[in-house]
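S.K.:
There are 2 protein chains.
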Amino acid sequence: MLTIERQEIILSLLREKDVVTVKEMCEVTNASESTIRRDLTELEKHQYIKRVHGGASLLKKKREEPTLLEKSTINQQEKSMIAQKAASFIEEGDSIYLDAGSSTIELIPFLKDKSVMVVTNGIPHVQLLIEYGIETYCISGKAKRGTAALVGTKAVDSIKEYRFDKCILGINGIHLEQGLTTPDPEEASVKQTALAQSQARYVLADPSKFGEVSFANVADLAGVHIITTNGLSDEQQETISKQTTLEVVPL
Amino acid sequence: MLTIERQEIILSLLREKDVVTVKEMCEVTNASESTIRRDLTELEKHQYIKRVHGGASLLKKKREEPTLLEKSTINQQEKSMIAQKAASFIEEGDSIYLDAGSSTIELIPFLKDKSVMVVTNGIPHVQLLIEYGIETYCISGKAKRGTAALVGTKAVDSIKEYRFDKCILGINGIHLEQGLTTPDPEEASVKQTALAQSQARYVLADPSKFGEVSFANVADLAGVHIITTNGLSDEQQETISKQTTLEVVPL
DNA sequence: TCACAAACAATCAATGTCAATCATTTATAA
DNA sequence: TTATAAATGATTGACATTGATTGTTTGTGA
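If you read the protein sequences in the order shown, they are chains A and B. Sequential numbering of the first sequence, starting at 1, is according to UniProt numbering. Sequential numbering of the second sequence, starting at 1, is according to UniProt numbering.
(1) For B:A148, return the contacting residues in chain A, with the cut-off set at a CB-CB distance below 8 Å.
(2) Within a Cβ cutoff of 6 Å, which residues of the same chain sit near B:V118, ignoring the five residues on either side of it in sequence?
(3) Ignore the nearest five residues each way along the sequence and tell me which others in A:S12's own chain have a CB closer than 8 Å to its CB.
(4) Relative to the C-alpha of A:K191, which residue among A:K85, A:S233 and A:T120 is closest?
(5) Would you grab the beta carbon distance between B:I168 and B:Y132 for me? Rounded to a whole angstrom, and I think it's under 8 Å.
(6) When you compare the segment 202-210 of chain B with the segment 157-164 of chain B, are there three or more beta-carbon pairs, one atom per stretch, that lie closer than 8 Å?
(7) For the segment 103-138 of chain A, list the beta strand (DSSP E) runs that are entirely contained and at least 3 residues long, ordered along the chain.
(8) Less than 7 Å between the C-beta atoms of A:A216 and A:T182, yes or no?
(9) What do you get for B:M25, buried or exposed, if any count of 16 or more other CB atoms within 10 angstroms of its CB means buried?
(10) Confirm, please, whether the CB-CB distance from A:R6 to residue 256 of chain A is below 7 Å.
(11) Can you list, in chain order, the residues of its chain with a C-beta nearer than 6 Å to that of B:V224? Leave out the 5 residues immediately preceding and following it.
(12) Can you find a CB in chain B that lies within less than 7 Å of the CB of A:Y137?
(13) Does B:G55 have its Cβ less than 7 Å from a Cβ in chain A?
(14) Is there at least one Cβ from chain B nearer than 7 Å to A:S158's Cβ?
(15) Using 7 Å as the threshold, is the C-beta distance between B:K79 and B:S115 below it?
(16) Taking the alpha carbon of B:L176 as the reference point, which residue from B:V213, B:D157 and B:L150 has its own alpha carbon closest?
(17) Can A:I174 and A:F210 be called in contact, C-beta distance under 7 Å?
(18) For B:R38, report the span of its alpha helix (DSSP H) as first-last.
(19) Within a Cβ cutoff of 7 Å, which residues of the same chain sit near B:G231, ignoring the five residues on either side of it in sequence?
(20) Shortest alpha-carbon distance to A:E106 belongs to which of A:D94, A:Q84 and A:V126?
(21) Quick check: B:A155 and B:I123, are their CB atoms within less than 7 Å of each other?
(22) So, at 6 Å on beta carbons, what are the nonlocal neighbours of B:D165 in its own chain, with the 5 sequence-adjacent residues on each side left out?
(23) Enumerate, from N- to C-terminal direction, the unbroken beta strand (DSSP E) stretches of 3 or more residues contained entirely within the segment 137-207 of chain A.
(24) Spatial neighbours of residue 266 of chain B within its chain, please: C-beta separation below 7 Å, excluding the five flanking residues on both sides.
(25) Alpha carbon to alpha carbon, how far is A:E27 from B:S57?
(26) Let me confirm a value: B:M1 is counted as buried when at least 16 other C-beta atoms fall within 10 Å, else exposed. Which label applies?
(27) Given a limit of 7 Å on CB to CB distance, which residues of the UniProt domain "HTH deoR-type" (3-58) of chain B reach chain A?
(28) Name the one or two DSSP bridge partners that A:R53 has.
(29) How many angstroms separate the CA atom of A:S88 from the CA atom of B:A31?
(30) Rounded to a whole number of angstroms, what is the C-alpha to C-alpha distance between A:A222 and B:P185?
(31) Buried or exposed for B:L111, please, with buried defined as at least 16 other CB atoms from any protein chain shown within 10 angstroms of its CB.
(32) Which of the three DSSP states, helix, strand or coil, is assigned to B:T3?
(33) If we ignore side chains and look at the alpha-carbon of each, how far apart do B:S34 and A:T21 end up?
(34) Can you name the residues of chain B whose CB is closer than 8 Å to the CB of A:A143?
(35) Counting only beta-carbon separations shorter than 7 Å, does B:Q243 have a partner in chain A?
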């Protein structure tokens with residue numbers, strides 16, 4: 001079995017199970033403990049997993065961030081509808097920060113013919129934006145494997161050179177007390193900075209994100225518009241609406 | 001069996017299976033290990049696949065297969081060879097500026113396993129670099145339609161935040177008196193800045209670029225290594241060599 | 001606190017994989 | 001046809017990966 005195959009198996013085990021022991025991984029892959037350990041070291045180096053005594057877990061509590069490709073196929077239609085709603089808030093001449101991620105990329109087709117100016121930290125976003133003939137600026141930063149997002153100090157500093165009428169962010173967790181959270185602290189800093197530079201703030205989130213808490217805190221709910229589809233209980237909607245603006249897109 | 005046939009088989013195996021070992025490919029094609037390895041080297045050069053220890057895997061970005069394989073090769077192959085020569089100058093631990101453009105992108109497969117740090121203004125470059133697991137930084141700037149290059153004041157300022165051991169540029173015109181030129185003044189500024197921040201300077205250019213003059217001046221020939229294939233007359237070679245270092249890759 | 005077991009990193013020998021080289025076969029041109 | 005070039009397969013030494021073994025560290029429960 002090839003190294004890369006084995007590592008893929010380890011990752012998929014983790015996606016199912018949150019925490020997996022070294023022994024389990026040995027059994028599934030028919031590899032020795034040494035080999036598994038080496039794989040774990042490798043995977044940790046590339047920030048796919050976090051090692052714990054006895055095994056490994058994903059960087060995030062719940063599960064690995066799916067790669068962009070996986071994400072984009074799963075709930076694409078739902079995301080597209082959420083994105084369309086977000087686009088309806090965008091006005092002619094706006095300067096916009098568009099966060100990296102699979103939700104926000106769905107917004108781009110709706111920006112066509114709007115004569116807006118977009119700044120983004122998502123590499124695939126840049127490509128798509130210019131294909132649509134939209135005036136696009138890319139921030140600087142370190143390119144993160146997997147999501148192809150630009151992060152780090154340079155990214156944060158780079159965002160500070162702009163002011164935005166609106167920013168549109170994706171998010172992993174939305175929680176009444178914990179606020180907005182995301183798995184990667186580096187990405188969290190970038191999001192924070194973008195929020196700070198923006199007049200109006202929109203967060204795209206499908207209902208599965210509600211009640212979730214990820215590792216790194218981004219902001220609390222006050223002052224952001226959350227756009228989602230209807231999949232929340234009336235009760236949930238009500239409690240959240242007390243803290244922030246909630247836009248619900250009918251499916 | 002024809003080389004093309006065999007390579008097609010390898011590609012279709014990969015499309016089915018994502019990761020394939022050399023042995024499997026040998027069995028299916030009845031070719032020797034050596035031949036398969038040569039095929040893999042070839043396919044990787046042209047960015048159809050990514051080699052891994054023991055076999056090969058598909059680059060996530062799926063490219064068009066049949067026509068490309070038959071046709072494109074001449075220019076691309078030439079570019080790839082020039083890029084390979086450029087890569088031979090790159091050492092372990094180097095920090096590199098990689099200019100946007102179709103010549104420089106060919107360099108990326110040769111950077112694999114070199115533990116270098118790359119800064120680039122090419123959006124497709126960023127995507128490919130992170131797929132190869134190379135530490136990648138993207139500068140900021142305005143995204144230019146067509147070439148997907150980042151340009152403008154922000155780009156220039158952004159480059160100034162780095163120092164490079166080596167920079168690798170593409171270029172449109174190389175002329176004895178006019179020096180290096182390119183059509184877009186915005187891109188010219190970016191190239192100039194990159195040159196200024198670099199210890200060693202490499203310019204990739206196929207022979208058709210010699211004698212050409214484009215609109216915007218980038219730099220004169222002194223102090224840059226020009227890498228090209230042999231298509232120049234001995235006379236041309238000699239006169240240019242008086243002004244700068246000329247590396248000629250045999251076809 | 002201690003003792004014990006599990007988990008661990010470091011090392012080593014065996015095996016597998018690799019690029020480079022060369023001789024042979026196969027295609028192509030003269 | 002012969003001469004030349006290209007593709008192929010086998011071989012080689014260098015290097016990478018692997019599993020076993022070692023001694024050390026870490027966590028657990030008495």
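All C-beta atoms, glycine included, are put in the ideal place defined by N, C-alpha and C.
M.R.: Taking the definition as stated:
(1) One-based indexing of the second sequence puts residue 148 of chain B at position 148. What B:A148 touches in chain A: V126, Q127 and I130.
(2) Indexing the second sequence from 1 puts residue 118 of chain B at position 118. I96, L98, L129, I134 and T136, listed in sequence order.
(3) Taking the first residue of the first sequence as position 1, residue 12 of chain A is located at position 12. Within the same chain, and ignoring the five residues on either side of A:S12 in sequence, no residue has its Cβ closer than 8 Å to its Cβ.
(4) Taking the first residue of the first sequence as position 1, residue 191 of chain A is located at position 191. With distances taken between CA atoms, A:K191 lies nearest to A:T120 out of A:K85, A:S233 and A:T120.
(5) If you number the second sequence from 1, residue 168 of chain B lands on position 168. If you number the second sequence from 1, residue 132 of chain B lands on position 132. With 8 Å as the limit, B:I168 and B:Y132 do not qualify as a contact, their Cβ atoms being about 16 Å apart.
(6) Touching, no, given that fewer than three Cβ pairs across the two stretches are closer than 8 Å.
(7) Qualifying beta strand (DSSP E) stretches, in chain order: 117-120 and 135-138.
(8) Indexing the first sequence from 1 puts residue 216 of chain A at position 216. Indexing the first sequence from 1 puts residue 182 of chain A at position 182. It is a contact, given that the beta carbons lie within the stated cut-off.
(9) The sequence position of residue 25 of chain B within the second sequence is 25, counting from 1. Buried is the call here.
(10) Outside the shown range of chain A, which is 1 to 251, sits residue 256 of chain A, and nothing can be said about it.
(11) Position 224 of the second sequence holds residue 224 of chain B. Excluding residues within five positions, the ones whose Cβ falls inside 6 Å are R201, V203 and T244.
(12) Here the question's residue 137 of chain A lines up with position 137 in the first sequence. At a cut-off of 7 Å between beta carbons, A:Y137 contacts chain B.
(13) For this step, residue 55 of chain B is matched to residue 55 along the second sequence. B:G55 counts as touching chain A.
(14) By one-based count along the first sequence, residue 158 of chain A stands at place 158. Yes, contact with chain B.
(15) Position 79 of the second sequence, counting from 1, holds the residue named residue 79 of chain B. Position 115 of the second sequence, counting from 1, holds the residue named residue 115 of chain B. With contacts defined as CB atoms closer than 7 Å, B:K79 and B:S115 fail to qualify as a contacting pair.
(16) Counting from 1 along the second sequence, the entry for residue 176 of chain B is found at position 176. Checking every option, the nearest Cα to that of B:L176 belongs to B:V213.
(17) As a working mapping, residue 174 of chain A is identified with position 174 in the first sequence. As a working mapping, residue 210 of chain A is identified with position 210 in the first sequence. In this structure, A:I174 places its C-beta atom within 7 Å of the C-beta atom of A:F210.
(18) Taking the first residue of the second sequence as position 1, residue 38 of chain B is located at position 38. Bounds of the alpha helix (DSSP H) holding B:R38 are E33 to K45.
(19) One-based indexing of the second sequence puts residue 231 of chain B at position 231. So the list reads P207, once near-sequence residues are dropped.
(20) As a first step, residue 106 of chain A must be located in the first sequence, where it is residue number 106. For A:E106, the closest alpha carbon among the candidates A:D94, A:Q84 and A:V126 is that of A:Q84.
(21) Here residue 155 of chain B is taken as the residue at index 155 of the second sequence, counted from 1. Here residue 123 of chain B is taken as the residue at index 123 of the second sequence, counted from 1. No, they are not a contact pair.
(22) The residue labelled residue 165 of chain B in the question sits at position 165 within the second sequence. Around B:D165: D94, S95 and Q199.
(23) Fully contained in the segment 137-207 of chain A are the following beta strand (DSSP E) runs of length 3 or more, in chain order: 141-143, 164-170, 173-175, 179-182 and 198-204.
(24) Shown here, chain B extends from 1 to 251; a query on residue 266 of chain B therefore has no answer.
(25) Reading the first sequence from its first residue, position 27 is the one you call residue 27 of chain A. Reading the second sequence from its first residue, position 57 is the one you call residue 57 of chain B. Straight-line Cα distance between these residues: approximately 24 Å.
(26) Position 1 of the second sequence, counted from the first residue, corresponds to residue 1 of chain B. Classification of B:M1: exposed, given that the 10 Å Cβ count is below 16.
(27) Residues passing the 7 Å Cβ filter: V19, T21, V52, H53, G54, G55 and S57.
(28) Here residue 53 of chain A refers to the residue found at position 53 of the first sequence. A small correction: the amino acid at residue 53 of chain A is His; Arg does not occupy that position in the sequence shown. DSSP, once it has assigned bridges, lists no residue as partnering A:H53.
(29) Position 88 of the first sequence, counted from the start, is the residue given in the question as residue 88 of chain A. Position 31 of the second sequence, counted from the start, is the residue given in the question as residue 31 of chain B. Their backbone Cα atoms lie some 58 Å apart in a straight line.
(30) On the first sequence, residue 222 of chain A is found 222 positions in, with the first residue counted as 1. On the second sequence, residue 185 of chain B is found 185 positions in, with the first residue counted as 1. Computed Cα separation, rounded: 45 Å.
(31) Position 111 of the second sequence holds residue 111 of chain B. Buried, by the Cβ-count rule.
(32) Locating residue 3 of chain B in the second sequence gives position 3, counting from the first residue. Secondary structure at B:T3: helix, using DSSP grouped into helix, strand and coil.
(33) As a first step, residue 34 of chain B must be located in the second sequence, where it is residue number 34. As a first step, residue 21 of chain A must be located in the first sequence, where it is residue number 21. Roughly 39 Å between the two C-alpha positions.
(34) Taking the first residue of the first sequence as 1, we reach residue 143 of chain A at position 143. Ordered by position in chain B, the residues that pass the 8 Å Cβ test against A:A143 are V126, L129, I130, T136, Y137 and C138.
(35) Counted from its first residue, the second sequence places residue 243 of chain B at position 243. Taking Cβ atoms only, chain A never reaches closer than 7 Å to B:Q243, which makes this a no.
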